[in-house]
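Contents: one structure, followed by commentary.
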Amino acid sequence: MTSSAQDLSHWQQAFVAALAEPDTHLPGIESGHQQRLDVYRNNVWASLIAALEEAYPVTRQVLGERFFAALAHDHARQHLPDSPLMMDYGHGLADTLQVTLTTLAESGQATRDRLPFYAVDLAQLEVARREAYHAADARALVPTQLSQLAPEEVMALRFASHPAARLLHLEYCVLDIWQRHQQPQATLAGLDINQPQTLLVTRPAFDVQVLPLSVAGARLLEELIAGEALGDAAATLAEHYPEEDLGLLLAPLLSSGVFIALDSEH
Numbered sequence: 001m002t003s004s005a006q007d008l009s010h011w012q013q014a015f016v017a018a019l020a021e022p023d024t025h026l027p028g029i030e031s032g033h034q035q036r037l038d039v040y041r042n043n044v045w046a047s048l049i050a051a052l053e054e055a056y057p058v059t060r061q062v063l064g065e066r067f068f069a070a071l072a073h074d075h076a077r078q079h080l081p082d083s084p085l086m087m088d089y090g091h092g093l094a095d096t097l098q099v100t101l102t103t104l105a106e107s108g109q110a111t112r113d114r115l116p117f118y119a120v121d122l123a124q125l126e127v128a129r130r131e132a133y134h135a136a137d138a139r140a141l142v143p144t145q146l147s148q149l150a151p152e153e154v155m156a157l158r159f160a161s162h163p164a165a166r167l168l169h170l171e172y173c174v175l176d177i178w179q180r181h182q183q184p185q186a187t188l189a190g191l192d193i194n195q196p197q198t199l200l201v202t203r204p205a206f207d208v209q210v211l212p213l214s215v216a217g218a219r220l221l222e223e224l225i226a227g228e229a230l231g232d233a234a235a236t237l238a239e240h241y242p243e244e245d246l247g248l249l250l251a252p253l254l255s256s257g258v259f260i261a262l263d264s265e266h
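In the UniProt record's numbering, the protein residues as written are 1 to 266.
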């Protein structure tokens, strides 16, 4: 790398660092341009916060405007974009929120039971929905494909997961919370939020779908997306959940679009 290229690289790094720190001056530019830098810096922060607000609408509702704005500002300060695609920005907001709420509880500013820790799971659901929406397209498997195979062929199958598929193990019943917040004047009255949920997020065609899974159903799916043959996954299921019916657990998975279509070799 030539000296001029090195100088440019160092200046670019200093410019990015200056964006991350308010009131930081950038060496080598005129004072009038420093003011322009301040304007540009403010625009950067505003755009990042706006991107987070758009990506997490229900989390924002739950936390409230002021809390979410402060959270978004803190997250943006710690995590500048690593992609020019703003739809990819903010995937780690749930982690930032977890740290923030834990800090508030440990510092005694609020008791843990009065803090919305369930919003951490809610943020995970919202980012999974967004990832599924923007994931690559693929032709989803339809159950009728299996009807064309002999039983032994079906049990020998290994399934490939759809690019949009996401499996979430959550501490709270956030799907119910998310659904309630799709209505005006949302309320959590009468809802026991302290119920763990395992959710399958898929997008077999155009619309994102979220399917609650039982513990056994989630175990079956995990075995299959890990590459186990259906027969082997069924044996594992029978060992750990002998009371469960393979067909009843498999049917909603096959209908959900979690697997891609079988190729011509099957």
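Here a beta-carbon is modelled for each residue, glycine too, at the ideal position from N, C-alpha and C. These figures come from a predicted structure and were not determined experimentally.
*asked:* Buried or exposed, going by whether 16 or more other CB atoms sit within 10 Å of the CB of valine 258?
replied: Here residue 258 is taken as the residue at index 258 of the sequence shown, counted from 1. With 16 or more other Cβ atoms within 10 Å, it is buried.
_glutamine 212 (DSSP reduced to helix, strand or coil)_ = The residue labelled residue 212 in the question sits at position 212 within the sequence shown. First, the residue type needs correcting, since residue 212 is proline and not glutamine in the sequence shown. Three-state result, proline 212: strand.
*Would you call the segment 136–152 and the segment 239–249 in contact, with 3 or more CB pairs under 8 Å?*
The segment 136–152 vs the segment 239–249: no contact.
*Where leucine 167 falls: helix, strand or coil (DSSP)*: Along the sequence shown, read from residue 1 onward, the residue named residue 167 stands at position 167. DSSP places leucine 167 in strand when its eight states are reduced to three.
*Do you know offhand how far glutamate 265's Cα is from glutamine 145's?*
Locating residue 265 in the sequence shown gives position 265, where the first residue counts as 1. Locating residue 145 in the sequence shown gives position 145, where the first residue counts as 1. Interpretation of glutamate 265 is limited by its pLDDT of 43, a score under 50 that renders its predicted location unreliable; the figure taken from the coordinates is listed afterwards. Spanning the alpha carbons of glutamate 265 and glutamine 145 requires a straight line of approximately 13 Å.
*Looking at arginine 158 and alanine 132, is the spacing between their C-beta atoms short of 9 Å?*
As a first step, residue 132 is located in the sequence shown; it is residue number 132 there, counting from the start. As a first step, residue 158 is located in the sequence shown; it is residue number 158 there, counting from the start. Taking 9 Å as the Cβ cut-off, alanine 132 and arginine 158 do not qualify as a contacting pair.
*To the nearest angstrom, how far is it from the Cα of leucine 254 to the Cα of glycine 190?*
Numbered from 1 along the sequence shown, position 254 holds the residue referred to as residue 254. Numbered from 1 along the sequence shown, position 190 holds the residue referred to as residue 190. Cα-Cα distance, rounded: 33 Å.
_Opposing strand residues paired with serine 161 [DSSP bridges]_ = Within the sequence shown, numbered from 1, the residue matching residue 161 stands at position 161. Per DSSP, Phe259.
_In whole angstroms, give me the CA-to-CA distance for alanine 123 and alanine 150._
Residue 123 sits at position 123 when you count from the first residue of the sequence shown. Residue 150 sits at position 150 when you count from the first residue of the sequence shown. Roughly 43 Å between the two C-alpha positions.
*Could you tell me if threonine 96 is buried or exposed, where buried requires 16 or more neighbouring beta carbons within 10 angstroms of its beta carbon?*
Translated into positions along the sequence shown, residue 96 becomes position 96. Counting other Cβ atoms within 10 Å of its Cβ, threonine 96 reaches 16 or more and is therefore classed as buried.
*valine 58 to proline 252, Cα distance in whole Å?*
What you label residue 58 is simply residue 58 of the sequence shown in a count that begins at 1. What you label residue 252 is simply residue 252 of the sequence shown in a count that begins at 1. Cα-Cα distance, rounded: 27 Å.
*Could you name the residues that DSSP lists as bridge partners for valine 201?*
As a position in the sequence shown, residue 201 is number 201, starting the count at 1. In the DSSP output, where bridge partners are listed per residue, valine 201 has Arg166, Val210.
*Closest to aspartate 65 by CA distance: which of Thr236, Ile49, Ala226 is it?*
Along the sequence shown, read from residue 1 onward, the residue named residue 65 stands at position 65. Sequence check: residue 65 is glutamate here, not aspartate. In this structure, Ile49 is the residue among Thr236, Ile49, Ala226 with its C-alpha nearest to the C-alpha of glutamate 65.
*Euclidean distance between Cα positions of alanine 186 and tyrosine 241*: Walking along the sequence shown from the start, residue 186 turns up at place 186. Walking along the sequence shown from the start, residue 241 turns up at place 241. In a straight line, the C-alpha of alanine 186 is about 37 Å away from that of tyrosine 241.
*asked:* Looking at the strands, I want to know which residues DSSP matches up with alanine 140.
replied: Residue numbering aside, residue 140 sits at position 140 when the sequence shown is read from its first letter. DSSP, once it has assigned bridges, lists Ile260 as partnering alanine 140.
_Spatial distance of valine 127 from alanine 226 (CA atoms)_ = Residue 127 sits at position 127 when you count from the first residue of the sequence shown. Residue 226 sits at position 226 when you count from the first residue of the sequence shown. The C-alpha of valine 127 lies about 22 Å from the C-alpha of alanine 226.
*In whole angstroms, what is the alpha-carbon distance linking glutamine 209 and threonine 198?*
For the purposes of this step, residue 209 is identified with residue 209 of the sequence shown, where counting begins at 1. For the purposes of this step, residue 198 is identified with residue 198 of the sequence shown, where counting begins at 1. Those two C-alpha atoms are separated by around 14 Å.
*Check whether the segment 103–123 touches the segment 160–174, counting contact only when three or more Cβ pairs, one atom from each stretch, lie closer than 8 Å.*
Segments in contact, yes.
*With distances taken between CB atoms, is the gap from leucine 71 to threonine 100 smaller than 9 Å?*
In the sequence shown, residue 71 corresponds to position 71, counting from 1. In the sequence shown, residue 100 corresponds to position 100, counting from 1. Threonine 100 sits close to leucine 71, with the two beta carbons spaced by under 9 Å.
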